[in-house]
Amino acid sequence: MKTSPVRSLFATPFYDGKLKDAALVAELDRSCRMLAEDDRAGRTWAKAHGYRGYTSYASLDDLPMRDPAFGDLVKLLNKHVAKFAEACAFDLQGGKLKLDSLWVNVMKPGGTHSGHVHPHSVISGTVYIAVPEGAGALKLEDPRLPMMMAAPPRLPDAREDQRTFVYVEPEAGSVFLWESWLRHEVAPGTAKAERISISFNYRW
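Just so we're aligned, residue 45 is where the sequence shown starts under the numbering used here, counting upward by one.
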């Protein structure tokens, strides 16, 4: 049987896992909503930067110590990140990746987050706490896009690994991980309720 002369190189890994702890997801939901009410500095920062909703990104850096639910979450995330790091073939020289930052996002209906990367980190990710129907997907961009120059567009039925953009639909409890250089954004949605997530970075 003749094999194809074309093979794929330089794959972009993406991790799609699950918390599998409904009680913790519910507890985190309560904690995130409480933070959105109580963290005035976070609300002020979000308003000043055009973020539609609330984020603790620039206001709180001690959530795992402040609230036991976030501490429990980090223990689970450490296991997911270790699996992903192994799949990425990282040579950690006997060490492990460490949590660098973790923050809450409570996005109001109609909210989006423009394309960005996470400098100075190895792995970034998001765990989804509340995902109402119609909530915006995570949009991932082919990292080769700036180098495509005169390339024609991809066919509508191209395989997922051939597309310029991939949209990944989360659900409550989803754990998405990617290498921090991968450009991503929150696509517009049609949800009528708040979308709650917790984002984080791991460093070496």
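Glycine included, every Cβ here is placed at the ideal spot set by N, Cα and C. Treat the numbers as computed from the prediction; the structure is a model and nothing was measured.
Query raised in the report: In chain order, which continuous runs of the alpha helix (DSSP H) of length 4 or greater are located wholly inside the segment 72–122?
Result: 84–92, 107–110
Query - Candidates A237, D60, T47, of which the one nearest G217 by Cα - result: What you label residue 217 is simply residue 173 of the sequence shown in a count that begins at 1. The candidate whose alpha carbon is nearest that of G217 is D60.
Query raised in the report: Would DSSP call K62 helix, strand or coil?
Result: Counted from its first residue, the sequence shown places residue 62 at position 18. The answer is strand: DSSP assigns K62 an E or B state.
Query raised in the report: Where S224 and T56 are concerned, what is the direct C-alpha to C-alpha distance, given to the nearest angstrom?
Result: Taking the sequence shown and counting its residues from 1, one reaches residue 224 at position 180. Taking the sequence shown and counting its residues from 1, one reaches residue 56 at position 12. Roughly 11 Å between the two C-alpha positions.
**Report entry** Close Cβ partners of H124 (< 6 Å) along its chain, the five nearest in sequence each way excluded
**Finding:** The sequence position of residue 124 within the sequence shown is 80, counting from 1. The residues are G61, V219.
Requested in this report: With a cut-off of 8 Å on the beta carbons, I'd call A113 and E81 a contact; round off their distance for me.
Outcome: On the sequence shown, residue 113 is found 69 positions in, with the first residue counted as 1. On the sequence shown, residue 81 is found 37 positions in, with the first residue counted as 1. A113 to E81, Cβ: 16 Å. No contact.
Requested in this report: Go ahead and pull the three-state DSSP assignment for A174.
Outcome: Here residue 174 corresponds to residue number 130 of the sequence shown, with the count starting at 1. Three-state DSSP puts A174 in a strand.
Query - Exposure of S158, with buried meaning 16 or more beta-carbon neighbours within 10 Å - result: Position 114 of the sequence shown, counting from 1, holds the residue named residue 158. Its Cβ having fewer than 16 others within 10 Å, S158 is exposed.
Query - According to DSSP, residues forming a beta bridge with S145 - result: Taking the first residue of the sequence shown as position 1, residue 145 is located at position 101. Answer is N245.
Requested in this report: Please work out which residues of its chain come closer than 8 Å, Cβ to Cβ, to T99, disregarding the five sequence neighbours upstream and downstream, and give them in chain order.
Outcome: As a first step, residue 99 is located in the sequence shown; it is residue number 55 there, counting from the start. Taken in chain order, the residues that qualify are G86, W89, A90, W147, V148, N149, V150.
Query raised in the report: Quick one: is S52 buried, meaning 16 or more other Cβ sit within 10 Å of its Cβ, or exposed?
Result: Locating residue 52 in the sequence shown gives position 8, where the first residue counts as 1. When all chains shown are included, S52 counts as exposed.
Query - DSSP three-state assignment for K127, whether helix, strand or coil - result: Your numbering for residue 127 matches position 83 in the sequence shown. Here K127 carries a helix assignment [DSSP, helix/strand/coil].
Query raised in the report: Do the CB positions of D83 and S103 come within less than 8 Å of each other?
Result: Within the sequence shown, the letter at position 39 stands for residue 83. Within the sequence shown, the letter at position 59 stands for residue 103. Cβ atoms of D83 and S103: closer than 8 Å.
Report task. Name the one or two DSSP bridge partners that K183 has. Result -> Position 139 of the sequence shown, counted from the start, is the residue given in the question as residue 183. The partner list for K183 (beta bridge, DSSP) reads Y211, E229.
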